[in-house]
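Residue numbers (this note's numbering): 642 to 893.
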């Protein structure tokens, strides 16, 4: 069995074809899915999909939308976390790519407040960290967050990965690892201990040239690539990463 630990099944590009996409994923051995929100507009759809032990939802405000953050959002997320104990918190984080309209202050405020909420409920987080790994780690330390989670779509250095691991996070290896030129993530996938890795697609986003549409079925190709980079079997990668997901999802 494999798990796609980050797939946007509530996104309109996939939600309208969920039975077809799930069938294709199951045929590829992908049996479990973690589905994050990016704005409050996603919450209803994510909560409808949330059906452990196969589908786990995550609620949060993505840093691209940090300018819309209001304190009332936290109480609304809290109400849903209380009502559905299996929900995670995400997708949250920081994004410093390009000239974003969201200021770093707005992003940091939204991140720290959502980390505090996740810690209060003991929920793991799905962390976005584009060109911002050091500041995300600093936010984790500042907040005292120790409820675990995933550094989603990791693409950084081994040192950055190890900083996330020291903060209690797993490292999300996604479709970028399929790109032979993505040296940093391929090095991380090959060198980091397996007990710190999980697999994902970020579908429908992050397609690789030649892949076509990105869907959760592509987790199998990610697993096969990680196995090839490490010189071990895909079954070994699947067994280890599934144990990691089980541990992640074992919160009360």
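Ideal Cβ placement from N, Cα and C applies to all residues, glycine included.
Please read these numbers as outputs of a predicted model, since none were measured by experiment.
Measuring only the C-alpha atoms, how far is residue i from residue j?
i, j, result
"residue 772", "residue 846", "18 Å"
"residue 874", "residue 766", "29 Å"
"residue 796", "residue 675", "20 Å"
"residue 748", "residue 877", "38 Å"
"residue 791", "residue 812", "6 Å"
"residue 799", "residue 642", "27 Å"
"residue 862", "residue 881", "16 Å"
"residue 843", "residue 745", "23 Å"
"residue 656", "residue 650", "5 Å"
"residue 890", "residue 750", "26 Å"
"residue 850", "residue 829", "21 Å"
"residue 735", "residue 752", "7 Å"
Does DSSP put residue i in a helix, a strand or coil?
i, result
"residue 890", "coil"
"residue 674", "strand"
"residue 837", "helix"
"residue 849", "coil"
"residue 806", "helix"
"residue 650", "coil"
"residue 791", "strand"
"residue 757", "helix"
"residue 812", "strand"
"residue 644", "strand"
Between residue i and residue j, how many whole angstroms is the CB-CB distance? I'm expecting something under 8 Å.
i, j, result
"residue 730", "residue 775", "Actually they are not in contact, since the Cβ atoms of residue 730 and residue 775 sit about 21 Å apart, beyond 8 Å."
"residue 841", "residue 815", "5 Å"
"residue 886", "residue 644", "5 Å"
"residue 818", "residue 754", "Actually they do not touch by this definition, with Cβ atoms about 32 Å apart."
"residue 699", "residue 732", "7 Å"
"residue 870", "residue 827", "6 Å"
Is residue i close to chain D, meaning its C-beta is less than 8 Å from at least one C-beta of that chain?
i, result
"residue 850", "Annotation note: the requested chain D is absent from the structure, which comprises a single protein chain."
May I ask you to check if the CB of residue i is nearer than 7 Å to at least one heavy atom of the ligand GDP?
i, result
"residue 746", "For the structure depicted, the ligand GDP is absent and the ligand set is empty, with no information on it obtainable."
**Prompt:** Are there three or more Cβ pairs, one per stretch, closer than 8 Å when the segment 666 to 685 is compared with the segment 851 to 863?
**Reply:** yes
**Item:** contact_flag[the segment 786 to 794, the segment 736 to 750] where n(CB pairs < 8 Å) is 3 or more
**Value:** no
**Prompt:** So does the segment 687 to 702 actually touch the segment 715 to 728, counting three or more Cβ pairs closer than 8 Å?
**Reply:** yes
**Prompt:** Residue ranges of each alpha helix (DSSP H) run of no fewer than 4 residues wholly in the segment 676 to 754, ordered along the chain?
**Reply:** 684 to 690 and 712 to 724
**Prompt:** Is the segment 802 to 821 close to the segment 652 to 666, with three or more CB pairs under 8 Å?
**Reply:** no
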